[in-house]
Amino acid sequence: MRLLEDDGHGNLVLVEKHDNDIPRYAILSHTWGADNEEFNFKDVTEGTGRNKIGYKKIEFCRAQAASDGLQYFWVDTCCIDKSSSAELSEAINSMFRWYQKADKCYVYLPDVSTYEEGTNIRLSPNTWEALFRKSRWFSRGWTLQELIAPSSVEFFSQEGDQLGSKKSLVQVIHEVTGIAIEALRGAPVAGFKIEDRFSWASRRATKRREDKAYSLLGLFDIYMPLLYGEEDPPTGLEITEEAAFDAIGRDHDPFCLRGTRIDLLQDIRSWLNGDSPQHIYWLSGWAGTGKSTIARTITQEYTNSQWQMGSFFFSRGGGDAGHIHKFVSTLAKQLSYRWPAYKSALRKAITADEGIVRRTQKAQWTALIQNFLSELLTTSSSARVLLVINAVDKCGTDDDMSHIIELLLDARGVNQTALRIFVTSRPEVAIRNGFNHDLGQRHLNGGRLVKNRLLSILESRHDPGEPNSVLDQIYLIVLESAISNDLSNEEKADVANYLRLTLGTIAVLFAPLSVASLGHLLGHETEEVEQTLADLHSILDIPSGTERPIRLHHPSFRDFLYDRSRCNEYLFVDQTVTHSVLAERSIRVMSVLRKDLCGLKSPSTLVEDVSSTVITQHLFSALQYTCRYWLDYAERAQMRLIDDGSVHRFLQEYCLYWLEAMSLVGKLPKGMIMMMQLESLIDVKSVVFSPDGSRIASGSDDRTVRVWDVQTGQCTHTLEGHFNLVNSVVFSPDGSRVASGSDDETVRVWDVQTGQCTHTLEGHSDLVNNVVFSPDGSRVASGSIDETVRVWDVQTGQCTHTLEGHSHSVNSVVFSPDGSRVASGSADKTVRVWDVASSTDIFCYDTGTYEHNVDFSEDGSQILVNGRSLPLPPRIPFPSASARTPDPSPNLLGSRLAIKDDWVTSSTERILWLPPEYRPGKWASYADTIVAGSATGRVTFVRCIMTGSLSS
């Protein structure tokens, strides 16, 4: 360990100390600025860098350490030689211990001042506390362990004034970070649940994605080899490598043979090279008509030209290539490869707004594709861009298809002769409706083509009317022939069940597996899998040898297995059931994980120095696959994280070993993202009754809104569309719609009868905390961490008013009885009343607290804050009482039921004790029914029947 000390002449020198002779020292915790502004290791050794911005905090640390009688101090910017990868690895693995052993930890906050700007007037603690709560220091990944590890943590302003200590500010720090007070007071970190520790880090960010994981090593008391460079540090874009037309594993994908498809290819080339204003060319056709072959041919032909290229070949069952989540970022990264001007613009945009890579696809498309292309294709007369989007029908749900089409059509504002987008898909309804515009298009009539290809197999047994008819006949003949007629009916059923499991597994794989790996995953011998698939070469690409991946000859076979009406009942693959089986099987495969599985022994070993042979020897193919995809199966099976469930037991026993394995295969950032996904399985964030009490809506960390029937307790609709956890749900006054606010920065409005999303309201720049309908149901108001309230028109989906004035997160919003005003409560300790029409605040009240229960009185003459009535100033004309939004309080329509101190109570009388697994994060009551949403993801209904003086 290197430490800094003053040489007595005002110069800083580095001294090396070993574990057995480390003296008392202070340590600095801070946030990094630009690399060229930080005082670094080279500056210390060469005596330079005192003019850098970052030198100010070094001087502060030296002076404060001397004031505390400490000769030595440590600062990460200049005590680590980052040019040595071994030293960097050792330092990162030792960081928690170094902070833990420091006598003093000084937190330097350059964004917190104790003086009024430009004056010598000191601010009151209440004033600088608001700045303290918003400090960037609380949002950075590395500062988490720097807060928890040291026993003594002291906070200082930019002027060097002490603000307080971890001990004196413990309540404020707990409220800002969500870290348990016991942990802040020094309780051993190992005593807290793994999911709790991950939750402390869930909203923190790091400059490099890998550091999101490495900054947590000490928190879990593990050592791990480091691997940087999996992603391009300047951009941090997550990409789907397998979506590229020439990705690894696509070597045998066909291209158009010379002399074939001449007219069609020439038509496409004429569109590409001409000056048609139609920037999209849509090639549609049924399965087997050669759309992908044509797309590959065009992409390959133009890749080696002067065009700037991007391609995304969707593939259902192809891992991330079967989803839209990385669609925009993949295209952006591809465009940056050979286009320096675009790459430069991309880097600047993401540096300026790191959060853009975690926003919606629409926000990314606008910021990273559309805006840049508009600018670059206007300023450069020679630049031309071709985007090839193949198999849009395989990108997920109908909503996903529509979303992709909407993005592509949005590019109409770009120089349309310089931008070309070539799209292929089946003629699905959602795509046909989306492409109801003037654009170039061709449809491949595949009926005759499929029939000619397959007549020899069908022996002219069937004259198909639809393309699927031919395919279905082939698949049924092949599958039925795989089950011997010599077997008894019971034996045939056993074979059919195993065949369904094997084929279902192949169909839902996120990446192809070999016969051997398939056997590992299913828990069967390799020979048994080989025998099962022996007669299926006509529908599966089964290579020789057991280590090469099996593939479907055509994705239409997957559609066949998923459709009960097309295949026999005993071959039908229920996707949810199959995902559930594979989630459990994946967890079983991973049970071989253990600490230091590859026997590296030294924690400073870099992944790049570990032989790939060693890694594959201990992390065999099926184990690597299950490590990467077990949670995807659990999510699709709608599994829940419940006490002593299989997922819970796996996390308790194998979580750290799994993360070590993910590091060894270069997928640790994905592992950390998966841990954040896991949080989405565990908590119900909001529950609310419909106005008539017949239904309940709940919003959850699993990104869904669910609507429940109170009488039956059944879920009638699962509303899917949000990309992050749902914080708030509310019914419209007539009960026909539900609005939901989410961490994905959007508000969605849903039709309760159909379960469809009618509007996605985009405009907030940070997560949405709260939503509410106006009394007449025509508008929705939303409060956000971006410090604004927005008012939306439900019919058009447009934001009509943005109410700005709060200086911190808006946590509650409510309409006045006549809908003309909105009241909002904020973490800036104020409640404001707004005139919606003028978008101005007409009343502001300092509450002295961060949380607010806000409502208007029935006649609108008063504002109710946390149960206290506040008269509105006389200058505000009072609205007349009218139909109003139901009371936002959890206790509706005079229900006497409540939950307090782990009991269900009736008029304060305890009637039912709730076990821990049923205790709610949120609850609501209506008449004789109370509903509780618990941290296990469970929604529980309790109906109480009156018997004498008690309810039971």
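In the UniProt record's numbering, the protein residues as written are 1 to 952.
Positions of the beta carbon are idealized from the N, C-alpha and C atoms, including for glycine.
All values derive from a computational prediction rather than experimental measurement.
(1) Valine 749 and valine 780 look like a contact to me (Cβ under 8 Å); what is the Cβ gap, rounded to whole Å?
(2) Which first and last residues belong to the alpha helix (DSSP H) in which glycine 178 is found?
(3) Since isoleucine 239 and leucine 264 are thought to touch, with beta carbons under 8 Å apart, how far apart are those beta carbons, to the nearest angstrom?
(4) Using the Cα positions of alanine 622 and isoleucine 587, report the straight-line distance between them to the nearest angstrom.
(5) Distance, Cα to Cα, glutamate 758 vs isoleucine 121?
(6) So, are the CB atoms of valine 752 and serine 690 less than 9 Å apart?
(7) List the whole-angstrom C-beta distance separating serine 329 from valine 357, where the pair is believed to meet the contact cut-off of C-beta under 8 Å.
(8) Here's the rule I'm using: 16 or more other beta-carbon atoms within 10 Å means buried, otherwise exposed. How should valine 939 be labelled?
(9) How far does the alpha helix (DSSP H) with asparagine 811 in it extend, from its first residue to its last?
(10) Helix, strand or coil for tryptophan 339 per DSSP?
(11) Looking at cysteine 61: is its Cβ nearer than 9 Å to the Cβ of leucine 88?
(12) Measuring CB to CB, does serine 152 end up less than 9 Å from lysine 101?
(13) Could you tell me which whole beta strand (DSSP E) segments of length 3 or greater appear in the stretch 292 to 330?
(14) Return the chain-ordered list of same chain residues with a C-beta closer than 6 Å to the C-beta of histidine 722, the five sequence neighbours on each side being excluded.
(15) Taking DSSP as the reference, what is the three-state secondary structure of aspartate 751?
(16) Among the residues of its own chain, which have a CB less than 6 Å from the CB of isoleucine 179, if the five just before and after it don't count?
(17) Do lysine 212 and tryptophan 32 have their CB atoms nearer than 9 Å?
(18) Using DSSP's beta-bridge definition, name the partner residues of valine 707.
(19) Which of the three DSSP states is assigned to glutamine 64 in this structure?
(20) Anyone know if the C-beta pair for glycine 825 and threonine 847 falls short of 9 Å?
(21) For isoleucine 785 versus valine 747, is the C-beta distance shorter than 9 Å?
(22) Using 8 Å as the Cβ pair cut-off and three pairs as the minimum, do the stretch 654 to 662 and the stretch 894 to 910 touch?
(23) Do aspartate 701 and valine 684 have their C-beta atoms closer together than 9 Å?
(24) Beta strand (DSSP E) containing arginine 737: first to last residue?
(25) Measure the alpha-carbon distance for asparagine 304 versus glutamine 441 and round it to whole angstroms.
(26) Could you tell me which residues DSSP puts in a beta bridge with tyrosine 108?
(27) Go to tyrosine 281, then tell me how far its beta strand (DSSP E) extends in each direction, as first and last residue.
(28) In angstroms with no decimal places, state the Cα-to-Cα distance between glutamate 146 and lysine 166.
(29) Ends of the alpha helix (DSSP H) at glycine 519?
(30) Please report how far the alpha carbon of glutamine 278 lies from the alpha carbon of arginine 420, in whole angstroms.
(31) Could you have a look at glutamate 762 and say whether DSSP puts it in helix, strand or coil?
(32) Ignore the nearest five residues each way along the sequence and tell me which others in isoleucine 53's own chain have a CB closer than 7 Å to its CB.
(33) Between leucine 593 and glycine 504, which are expected to be in contact by the criterion C-beta below 8 Å, what is the C-beta distance as a whole number of angstroms?
(34) Hey, would you say asparagine 415 sits closer than 9 Å to threonine 378, going by beta carbons?
(35) For phenylalanine 39 and cysteine 78, which I take to be in contact (beta-carbon distance under 8 Å), what is that distance rounded to the nearest angstrom?
(36) Start and end of the alpha helix (DSSP H) containing valine 44?
In short, the structure shows the following:
(1) Cβ atoms of valine 749 and valine 780 come within 8 Å of each other, at about 7 Å.
(2) Neither: glycine 178 is in no alpha helix (DSSP H) and is coded neither H nor E.
(3) Not quite, the Cβ-Cβ distance comes to about 30 Å (not below 8 Å), so this is no contact.
(4) Taking the straight line from one Cα to the other gives about 11 Å.
(5) First, the residue type needs correcting, since residue 758 is threonine and not glutamate in the sequence shown. In this structure, the alpha-carbon of threonine 758 lies about 53 Å from that of isoleucine 121.
(6) Yes. Within cutoff.
(7) Yes, they are in contact, since the Cβ atoms of serine 329 and valine 357 sit about 6 Å apart, within 8 Å.
(8) With 16 or more other Cβ atoms within 10 Å, it is buried.
(9) Note, asparagine 811: premise wrong, no alpha helix (DSSP H); beta strand (DSSP E) at 810 to 815.
(10) Tryptophan 339 falls in the coil class under three-state DSSP.
(11) Contact: no.
(12) In this structure, serine 152 lies away from lysine 101, with their beta-carbon atoms at least 9 Å apart.
(13) If we require 3 residues or more, the beta strand (DSSP E) runs fully inside the stretch 292 to 330 come out as 308 to 313.
(14) Excluding sequence neighbours, histidine 722 sits near Arg703, Ser742, Asp744.
(15) Correct three-state label for aspartate 751: strand.
(16) Contacts found: Trp200.
(17) No, the pair does not count as a contact, with Cβ atoms beyond the cut-off.
(18) Answer is Ala697, His717.
(19) Glutamine 64: helix per DSSP, three-state reduction.
(20) Taking C-beta atoms as the reference points, glycine 825 and threonine 847 count as a pair closer than 9 Å.
(21) No, Cβ-Cβ distance for isoleucine 785 and valine 747 is not below 9 Å.
(22) The stretch 654 to 662 is not in contact with the stretch 894 to 910.
(23) Their beta carbons are under 9 Å apart, which means aspartate 701 touches valine 684 by this criterion.
(24) Unbroken beta strand (DSSP E) run through arginine 737: 737 to 742.
(25) Spanning the two alpha carbons is a distance of roughly 25 Å.
(26) In the DSSP output, where bridge partners are listed per residue, tyrosine 108 has Phe156.
(27) Taken as a continuous stretch (DSSP letters only), the beta strand (DSSP E) holding tyrosine 281 covers 280 to 285.
(28) Distance between the alpha carbons of glutamate 146 and lysine 166 is about 11 Å.
(29) Run containing glycine 519: 515 to 522, per the alpha helix (DSSP H) assignment.
(30) Their backbone Cα atoms lie some 8 Å apart in a straight line.
(31) Correct three-state label for glutamate 762: strand.
(32) If we look at isoleucine 53 and ignore the five residues flanking it on each side, its Cβ neighbours are Gly33, Glu37.
(33) Not quite, the Cβ-Cβ distance comes to about 26 Å (not below 8 Å), so this is no contact.
(34) Their beta carbons are under 9 Å apart, which means asparagine 415 touches threonine 378 by this criterion.
(35) About 6 Å; that satisfies the 8 Å criterion.
(36) Membership of valine 44 in the alpha helix (DSSP H) is indicated by the continuous run 41 to 46.
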